[in-house]
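Protein chains in written order, with my numbering: chain A, 295 to 769; chain B, 295 to 769.
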């Protein structure tokens with residue numbers, strides 16, 4: 295998941311709560327008993343199947359890192375097309391996604407003076423280049439920086455030292471990513487020449503966590519970097535000894551436009567081929583790791599789920615559409631393009647779910663289903679229950695790339711993954727294949743396969759319907 | 295611990311076994327009951343004391359990385375002198391240690407071609423610079439490389455992919471460090487233009503492990519690097535797809551001479567001030583981390599142990615000498631200089647122990663004591679037993695910097711630490727303060743303090759005596 299989705303998720307939840315009163319008059323959505331039986335068999339087969347792990351191994355080994363617009367971006371697109379075909383998908387195509395390209399060249403930081411030593415840093419995505427030296431001023435939160443007196447940081451480097459804690463639902467990432475997004479702007483507003491932060495991560499390793507940042511329209515962007523949690527603790531100890539000068543040097547920046555592609559594969563539906571259950575992940579990753587958990591896992595889980603459905607003797611009623619989205623990391627670009635391209639066919643999208651929270655086991659299943667489809671949701675949950683999945687706390691979301699479409703009225707499902715370890719390695723060099731547990735990945739595939747099959751075979755819908763802009767929460 | 299000590303340790307063990315037959319005639323070494331009581335109180339006080347952790351925090355924060363000859367080497371010397379004084383040591387001095395200086399500038403490696411991607415590598419200490427591109431040829435062991443046909447690697451890069459497993463006694467490091475030391479020479483003998491190895495480490499993180507290598511006297515040294523265990527697995531997967539070209543670029547090399555210092559602090563003995571119990575660690579570290587476990591911990595444990603002894607109302611009979619050795623990592627240089635400087639006073643060195651195996655708890659206590667001192671060894675063990683320490687398997691060694699002196703006949707003690715996690719971070723950027731558990735460090739301080747006090751108060755000796763060169767195992 296990328297840039298500050300919190301407010302958008304909140305408005306989405308609100309939109310879901312404002313159920314269209316006409317919807318309660320719709321016929322109740324039901325899943326035939328025979329479909330339940332097939333889905334149970336599919337689930338059990340998926341648990342013993344290693345297609346998902348083979349896919350993520352193939353992607354992360356053969357293509358490796360896949361930063362949007364980077365040297366492997368189009369290789370990943372070719373890989374996805376070939377993989378969909380090799381997995382027996384009926385249709386495979388691409389849809390272009392154009393965006394500004396950001397490039398990382400080099401990055402370094404050092405404490406100067408009596409305690410001189412290197413700090414392990416990485417430029418935040420979208421950071422401006424810069425070569426600055428200044429005294430570090432530490433803040434414990436974004437608010438503390440925002441409340442600093444105007445001009446109090448002239449010639450200085452702002453440092454936000456917020457410690458994320460690990461939770462199953464990864465809730466602290468909201469705070470961490472808000473600092474990553476808003477920190478540079480707040481620092482600029484106080485006259486700072488640079489911005490550094492404790493990584494939005496929960497590990498104790500010497501890897502900084504990258505991720506996108508943003509600048510205000512006004513003013514000259516300052517270089518913005520994350521340091522490893524270990525280095526942030528070291529800098530904090532050093533600041534207790536006295537003022538510290540830091541030299542921060544980032545060579546990075548925007549470099550023209552790039553066109554990548556959403557890659558789409560379909561298992562054609564048996565009786566309603568023009569109606570879709572959409573699942574997917576994002577094909578891009580950050581450049582530091584090989585993007586195994588973010589989001590090779592999501593691509594692999596959903597590609598494998600579709601492939602297993604495709605191997606059934608009889609396809610489900612509706613089409614299973616699997617999307618490998620382009621450039622999620624730098625602003626849900628692929629997701630926005632997909633929504634724009636397909637908004638006219640919104641009602642044909644039965645329900646959608648993106649897997650983009652690592653490779654941990656799924657523990658909860660939630661949908662945006664209106665009352666008339668709640669029983670179908672329960673039917674799906676009954677098939678997922680043997681996988682250790684329940685209704686959780688009833689909250690969730692569609693996954694980042696589906697937010698733009700969900701804001702237009704797309705019905706969504708949320709298969710919530712255990713993210714306790716996710717932010718140990720999210721957006722670091724350590725996001726690699728060895729961090730994925732094959733059995734946990736297979737549990738994900740089983741859940742996605744069963745969900746997608748059942749949704750595709752349901753009689754009735756899950757509530758996708760165009761929303762007036764007012765209700766979509768957009769400003 | 296550094297460069298291939300296995301053969302030297304083996305010959306040392308042999309030397310110990312060949313006990314001088316006259317020694318059995320010596321009077322039995324005994325520790326007075328009153329000394330036992332004091333040592334028990336000292337042990338219990340040390341367990342509740344945080345001096346050790348404060349020392350390692352101070353060293354790793356204020357000085358940071360301390361590669362021999364690097365920018366912080368002499369800062370570390372100044373730090374050690376000041377710290378000994380602040381801790382109340384009676385005498386503090388330095389002894390110069392001169393060595394060739396090796397410098398790391400930059401390092402990178404990439405897979406080229408269809409699966410192009412970066413590999414996370416670090417130059418091995420002592421590596422030659424180089425900028426080479428060639429096909430990688432994988433071997434599972436040093437022997438396999440040594441057995442390759444002559445000239446079979448002309449124009450190629452040799453890759454040894456040996457996986458170290460974690461053990462409490464760290465036994466696989468013998469194999470891993472042998473590859474690190476001998477791999478480049480073996481690769482050169484087959485015509486290779488470069489050498490890469492799976493790091494001598496037991497973790498699954500993306501940190502390569504540095505450490506010293508050596509070249510034969512003949513031939514042109516080739517660039518030699520370690521890659522992270524994760525990258526080694528990636529390269530192995532890639533090699534299953536077909537031949538792989540790798541570009542390896544190391545900018546590093548020898549750059550003149552440097553003079554550092556062994557730093558010595560003493561707590562003067564009450565009745566035999568010219569006889570010494572020696573404990574210590576090494577002050578240098580590798581450059582990638584801050585040298586917290588290797589060997590800030592050893593310096594801190596022994597400095598704290600001496601300081602706690604110094605705070606007793608009555609000093610032990612003999613002097614406690616604590617040594618912070620210079621440049622262990624690049625070849626036990628400080629240890630060799632100390633042995634050369636003090637060999638004439640060998641018999642005045644009652645017994646010696648270096649702490650250099652991380653910050654894990656001590657589980658075994660072993661000495662080289664001859665039969666007449668075995669009861670005293672048992673007396674010491676009885677004081678250590680409540681710390682969870684027993685006699686282990688009866689094997690051990692003096693610690694690397696004391697090997698050169700032990701080969702001359704110095705009696706030694708081995709306080710064996712649990713090294714299960716040690717090679718997760720040994721010689722990597724991840725060797726930082728947060729990896730040290732304060733309670734485990736205090737257990738080490740308690741053991742060293744009790745051991746040193748008891749040895750210093752023993753009536754009789756532990757067998758230090760000059761050995762004929764033939765018995766020392768030297769060639």
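Built from N, CA and C at the ideal position, the CB exists for glycine as well.
- For residue 570 of chain A, the uninterrupted beta strand (DSSP E) run begins and ends at 566 to 576, by DSSP.
- With respect to chain A, the C-beta atom of residue 732 of chain B has no partner C-beta closer than 8 Å.
- When DSSP states are grouped into helix, strand and coil, residue 426 of chain A belongs to the strand group.
- Interface residue (Cβ-Cβ distance to chain A less than 8 Å): residue 648 of chain B is not classified as such.
- Apart from sequence neighbours up to five positions away, the residues of its chain that approach residue 552 of chain B with a beta-carbon distance below 8 Å are 362, 363, 367, 392, 393, 394 and 395, ordered along the chain.
- The Cβ-Cβ distance between residue 354 of chain B and residue 586 of chain B falls below 8 Å.
- The C-beta distance from residue 612 of chain A to residue 575 of chain A rounds to 20 Å, too long to meet the 8 Å contact threshold.
- Ranked by Cα distance from residue 323 of chain A, the options A/481, A/604, A/755 and A/583 are led by A/755.
- Against chain B, the CB of residue 409 of chain A has a partner CB under 8 Å away; the residue lies at that interface.
- Within chain B, the C-beta atoms nearer than 7 Å to that of residue 532 of chain A come from 355, in chain order.
- If the five residues before and after residue 442 of chain B are omitted, its C-beta is found closer than 6 Å to the C-beta atoms of 484, all from its own chain and listed in chain order.
- In the three-state reduction of the DSSP assignment, residue 551 of chain A falls in the strand class, which pools E and B.
- Taken atom to atom, the span from the alpha-carbon of residue 566 of chain B to that of residue 609 of chain B is near 10 Å.
- Across the structure, residue 480 of chain A and residue 473 of chain A are spaced so that their CA atoms are roughly 9 Å apart.
- DSSP lists B/453 and B/519 as the beta-bridge partner residues of residue 490 of chain B.
- Listed along chain B is no residue with a C-beta nearer than 9 Å to that of residue 443 of chain A; the closest approach is about 30 Å.
- Under the DSSP assignment, residue 698 of chain A falls in the alpha helix (DSSP H) whose first and last residues are 697 to 700.
- Out of A/327, A/745 and A/602, the CA that lies nearest to the CA of residue 346 of chain A is found in A/602.
- Judged by DSSP in its simplified three-state form, residue 545 of chain A adopts strand.
- Within chain B, the residues 728 have their CB atoms less than 7 Å from the CB of residue 498 of chain A, given in chain order.
- The beta-carbon of residue 528 of chain B is placed less than 8 Å from the nearest beta-carbon of chain A.
- Fully contained in the stretch 606 to 684 of chain A are the following beta strand (DSSP E) runs of length 3 or more, in chain order: 612 to 619, 643 to 648 and 656 to 661.
- The C-beta of residue 414 of chain A comes closer than 8 Å to at least one C-beta of chain B.
- Only exposed fits residue 688 of chain A, as fewer than 16 other CB atoms lie within 10 angstroms of its CB.
- The beta carbon of residue 535 of chain B falls within 8 Å of a beta carbon belonging to chain A, placing the residue at that interface.
- In the displayed model, residue 731 of chain B falls within coil according to three-state DSSP, outside both helix and strand.
- Taking C-beta separations shorter than 8 Å and ignoring five residues to either side along the sequence, the partners of residue 373 of chain A in its chain run 352, 353, 356 and 357, following chain order.
- Counting of Cβ neighbours within 10 angstroms places residue 432 of chain B among the buried residues, the total reaching 16 or more.
- If you draw a straight line from the Cα of residue 752 of chain A to the Cα of residue 537 of chain B, it comes to about 49 Å.
- The Cβ atoms of residue 712 of chain A and residue 654 of chain A sit closer than 8 Å to each other.
- A Cβ-Cβ separation of about 6 Å places residue 498 of chain A in contact with residue 524 of chain A under the 8 Å criterion.
- Contact check for residue 693 of chain B and residue 650 of chain B: beta-carbon distance about 5 Å, within the 8 Å limit, so the pair qualifies.
- Residue 689 of chain A: not part of any alpha helix (DSSP H); DSSP gives it neither H nor E.
- Using a Cβ-Cβ cut-off of 8 Å, residue 338 of chain A does not count as an interface residue toward chain B, since no Cβ of chain B sits closer than that to its own.
- Here the stretch 462 to 470 of chain B does not lie against the stretch 517 to 532 of chain B, with fewer than 3 beta-carbon pairs under 8 Å apart.
- Three or more beta-carbon pairs separated by less than 8 Å are not found between the stretch 672 to 685 of chain B and the stretch 613 to 626 of chain B, which leaves the two stretches without contact.
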